[in-house]
Amino acid sequence: MTSEWLSKRLLELSRLDVYIKPPIHDRVIKMDANENLALAPQFLNDIVSKAVSASDLRFYPAEELERFYEQLSQYLNVNRKHIAVSSGSDQIIESLLSTIGKRTNVTIFEPTFSYFINRCKLHGIPIESIPLNETDNSIPYSRFMNSAKKSNIVYICSPNNPTGNQFDRETMLDIVESLNDQLIIIDEAYVEFGKYSLSQFVTKYDNLVVLRTMSKAFGLAGARIGYLISQENLAEIFRTQIQSPYPINSLSLAVATSALSSYQYFFDTIQLIRQQRDKLFLSLSKIQGIKPFRSDANFVFFESFDLYDSIQEGLSHELISIKALGDFCRYRGCFRVTVGTEEMNDRFIGSIGNILSKDG
Ligand SMILES: Cc1ncc(COP(=O)(O)O)c(C=O)c1O
Numbered sequence: 002m003t004s005e006w007l008s009k010r011l012l013e014l015s016r017l018d019v020y021i022k023p024p025i026h027d028r029v030i031k032m033d034a035n036e037n038l039a040l041a042p043q044f045l046n047d048i049v050s051k052a053v054s055a056s057d058l059r060f061y062p063a064e065e066l067e068r069f070y071e072q073l074s075q076y077l078n079v080n081r082k083h084i085a086v087s088s089g090s091d092q093i094i095e096s097l098l099s100t101i102g103k104r105t106n107v108t109i110f111e112p113t114f115s116y117f118i119n120r121c122k123l124h125g126i127p128i129e130s131i132p133l134n135e136t137d138n139s140i141p142y143s144r145f146m147n148s149a150k151k152s153n154i155v156y157i158c159s160p161n162n163p164t165g166n167q168f169d170r171e172t173m174l175d176i177v178e179s180l181n182d183q184l185i186i187i188d189e190a191y192v193e194f195g196k197y198s199l200s201q202f203v204t205k206y207d208n209l210v211v212l213r214t215m216s217k218a219f220g221l222a223g224a225r226i227g228y229l230i231s232q233e234n235l236a237e238i239f240r241t242q243i244q245s246p247y248p249i250n251s252l253s254l255a256v257a258t259s260a261l262s263s264y265q266y267f268f269d270t271i272q273l274i275r276q277q278r279d280k281l282f283l284s285l286s287k288i289q290g291i292k293p294f295r296s297d298a299n300f301v302f303f304e305s306f307d308l309y310d311s312i313q314e315g316l317s318h319e320l321i322s323i324k325a326l327g328d329f330c331r332y333r334g335c336f337r338v339t340v341g342t343e344e345m346n347d348r349f350i351g352s353i354g355n356i357l358s359k360d361g
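Numbering (the working numbering), first residue to last: 2 to 361.
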């Protein structure tokens, strides 16, 4: 029989919100998890095959880790002392909250990356959520500052998931500069698709931690590689005290090192995705009853109001999977669709057209 205190604790945990993973289906066009779908699978397969033949899995991944740090430092143009790696940036969020985040409170914008909120709840960290400005999803500066000044940690996703926009750079720098008693976590998971990164500013601001990932622009979601960039002391403590000694396996490290050394190829696909994103936004904005928002990421967020149910049902018949978010804050009938190849995007827009013509 399970003891009473353990049953009670498990019951509390079972009531927490969970991160909803996209469903697994056969033959589905997958536009629900912001992966990089424009990368040629063969290109990645070649990198992976080379990584497999170069790795000796009898050994712990010490050398591979060193090589990855070197390559990352070159890619970011930041001294490696400012970098700490992890198994996906999800794991950095978890590790930061369970250590530095203990007995703190947090300010975030709403909506934002739901996993961060779930993890705060798991660790009993109180959150103050400030809704973004209604017109353009920008930062409500004074409301935000009033709350942020009273908290220990601020989390900002830039570009923001799910709204897709990147906040004004000068406002972001002002926040980092003014809130010098707060730890400012900037989640730049989608930054390669955006306009600017704040990673260079870690040498100037000790309160800044930038989170990055290889899951999006580099198309390596399955390899689970993330990293943080921060002041040297925090990065070192993260690498040595907080992080486990070998956080990423040899194969993933070899793949990631090789991907970074061919970054020009990835940047070409990023350019394609940016063009496709703007085209997708334009196509969605021409459809009556749908309101898309401009995006600086590899996805487009849109409201569909009372068309929500028909779109959701229709797309599942068409075997197209996008992220259905429903109603939240002041947004009605929301979806987030990953920008795919031209063919996928055309198929998606065509399907929406078919669904709505049947509906109307
Ligand atoms: C804003 C944001 N941060 C972090 C992550 C997680 O990235 P990773 O795959 O590196 O854990 C995601 C994934 O969807 C995300 O949207």
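Ideal placement from N, C-alpha and C gives every residue a C-beta, glycine not left out.
Distance cut-off 7 angstroms: residue i Cβ against heavy atoms of ligand 1
i: residue 37; result: no
i: residue 330; result: no
i: residue 114; result: yes
i: residue 346; result: no
i: residue 216; result: yes
i: residue 297; result: no
i: residue 162; result: yes
i: residue 54; result: no
i: residue 269; result: no
i: residue 121; result: no
i: residue 102; result: no
i: residue 335; result: no
i: residue 33; result: no
i: residue 130; result: no
i: residue 18; result: no
i: residue 220; result: no
i: residue 91; result: yes
i: residue 47; result: no
i: residue 341; result: no
i: residue 169; result: no
i: residue 190; result: yes
i: residue 227; result: yes
For residue i, the three-state DSSP class (helix, strand or coil)
i: residue 323; result: strand
i: residue 31; result: strand
i: residue 105; result: coil
i: residue 135; result: coil
i: residue 206; result: coil
i: residue 372; result: Since the first and last residues shown for the chain are 2 and 361, residue 372 lies out of range.
i: residue 21; result: coil
i: residue 58; result: coil
i: residue 241; result: helix
i: residue 3; result: coil
i: residue 188; result: strand
i: residue 15; result: helix
i: residue 213; result: strand
i: residue 226; result: coil
i: residue 219; result: coil
i: residue 69; result: helix
i: residue 93; result: helix
i: residue 84; result: strand
i: residue 332; result: strand
i: residue 231; result: strand
i: residue 117; result: helix
i: residue 36; result: coil
Exposure of residue i, with buried meaning 16 or more beta-carbon neighbours within 10 Å
i: residue 284; result: buried
i: residue 127; result: exposed
i: residue 354; result: exposed
i: residue 330; result: exposed
i: residue 322; result: buried
i: residue 306; result: exposed
i: residue 194; result: buried
i: residue 3; result: exposed
i: residue 242; result: exposed
i: residue 62; result: buried
i: residue 253; result: buried
i: residue 262; result: exposed
i: residue 25; result: exposed
i: residue 11; result: exposed
i: residue 328; result: exposed
Counting only runs that start and end within the region 266-308, where is the alpha helix (DSSP H) found for 4 or more residues in a row? Note on the region 266-308: there is no whole alpha helix (DSSP H) run with a minimum of 4 residues.
If you scan the region 120-174 from start to end, which runs of the beta strand (DSSP E) of 3 or more residues do you find wholly inside it? 128-132, 154-158
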